[in-house]
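A short write-up of the structure that comes next.
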Amino acid sequence: MNIFRFLGDMSHILSFLLLLHKIVGGKSAAGISLRTAEMYAIVFCTRYIDLLWNFASLYNYLLKLLFIGASLTIVYFMRYGPSQKATYNADEDAFPVQYLIAPCAVLGVLINQDHSSPFEMVWAFSIYLEAVAILPQLFLLQKQGEVENLTSHYVFALGAYRALYLLNWMFRFMTEPDYQQRIVWLSGLVQTALYCDFFYHYYQSKKGGLNKSVKLP
Amino acid sequence: EQEDHEHDEL
């Protein structure tokens with residue numbers, strides 16, 4: 001464990017807390033993509049299936065349970081919460097996720113770290129899907145132009161988590177002999193690259209004060 | 001390709 005990975009995990013937890021605060025606390029799903037929320041639930045339920053047999057680290061075990069629980073809670077409230085459904089904009093949240101899930105599934109089968117292990121195929125699928133899972137959310141924000149304050153912090157924390165993981169991988173590559181994880185490195189790079197435009201606008205709007213809303217062209 | 005790793009990260 002290094003500081004970059006720890007801060008990355010904390011940023012990931014923060015993104016969940018912000019989203020839960022908005023959806024469950026604020027009873028509003030305005031500006032939030034259910035499609036992204038559902039893809040994240042798929043990402044965690046597939047990748048963390050090793051909860052059933054891998055007890056290597058209590059820290060990982062607890063956070064995996066937290067991430068699965070939080071992502072399913074978010075999907076549940078967005079689908080069945082009366083006030084959440086009322087504020088959720090299904091028409092605008094229209095990114096065709098089948099064009100994301102299918103290629104990731106094919107890639108997961110073809111490119112993984114042990115072709116004899118079904119779990120490795122599922123694990124690779126989950127890594128690829130996470131890289132593109134934010135697209136419906138960014139697509140929705142782009143359509144709406146203005147990003148509500150809490151939502152902007154949620155997306156920023158979610159983007160920052162994988163950016164911090166990139167630093168974690170660089171650190172591990174430099175300090176650990178023959179450490180290599182090409183699949184997560186490339187996927188993490190793509191995932192973080194997708195946020196660049198948002199990061200830019202987030203920075204532009206927040207440098208004038210944390211409560212300014214983010215405007216996307 | 002076979003890469004020696006255990007999934008020690010989230």
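Going down the list, the protein sequences come from chains A and B.
According to this note's numbering, the residues represented by the first sequence are 1 to 217, in order.
According to this note's numbering, the residues represented by the second sequence are 1 to 10, in order.
Yeah, the Cβ is synthetic: ideal placement off N, Cα and C, and Gly gets one too.
Which of helix, strand or coil DSSP assigns to residue i
i	result
E146/A	strand
K27/A	coil
V190/A	helix
F198/A	helix
V97/A	coil
K215/A	strand
K207/A	coil
N39/A	This sequence places Met at residue 39/A; Asn is not what is there. In this structure, M39/A counts as helix in the three-state DSSP scheme.
Interface flag, residue i vs chain B, CB-CB below 7 Å
i	result
L186/A	no
L63/A	yes
Straight-line Cα distance separating residue j from residue i
i	j	result
V109/A	F139/A	28 Å
Y61/A	F55/A	7 Å
W185/A	I127/A	10 Å
S213/A	A37/A	22 Å
L14/A	Y154/A	8 Å
N112/A	I183/A	7 Å
M78/A	K22/A	11 Å
S83/A	R5/A	36 Å
Q142/A	Q98/A	20 Å
H7/B	Q181/A	10 Å
I68/A	V43/A	9 Å
D9/A	A41/A	17 Å
L100/A	Y88/A	22 Å
D114/A	M121/A	8 Å
V147/A	F199/A	12 Å
L17/A	A157/A	10 Å
Buried or exposed (CB count within 10 angstroms, at least 16 for buried), residue i
i	result
T175/A	exposed
D91/A	exposed
H12/A	buried
N168/A	buried
A131/A	buried
W123/A	buried
S28/A	buried
L52/A	exposed
G208/A	exposed
Query raised in the report: In chain order, which alpha helix (DSSP H) runs of at least 4 residues are fully inside the region 48-88 of chain A?
Result: 58-80, 82-87
Query raised in the report: What are the uninterrupted segments assigned as alpha helix (DSSP H) that are 4 or more residues long and contained completely in the region 123-185 of chain A, given in chain order?
Result: 135-144, 149-175
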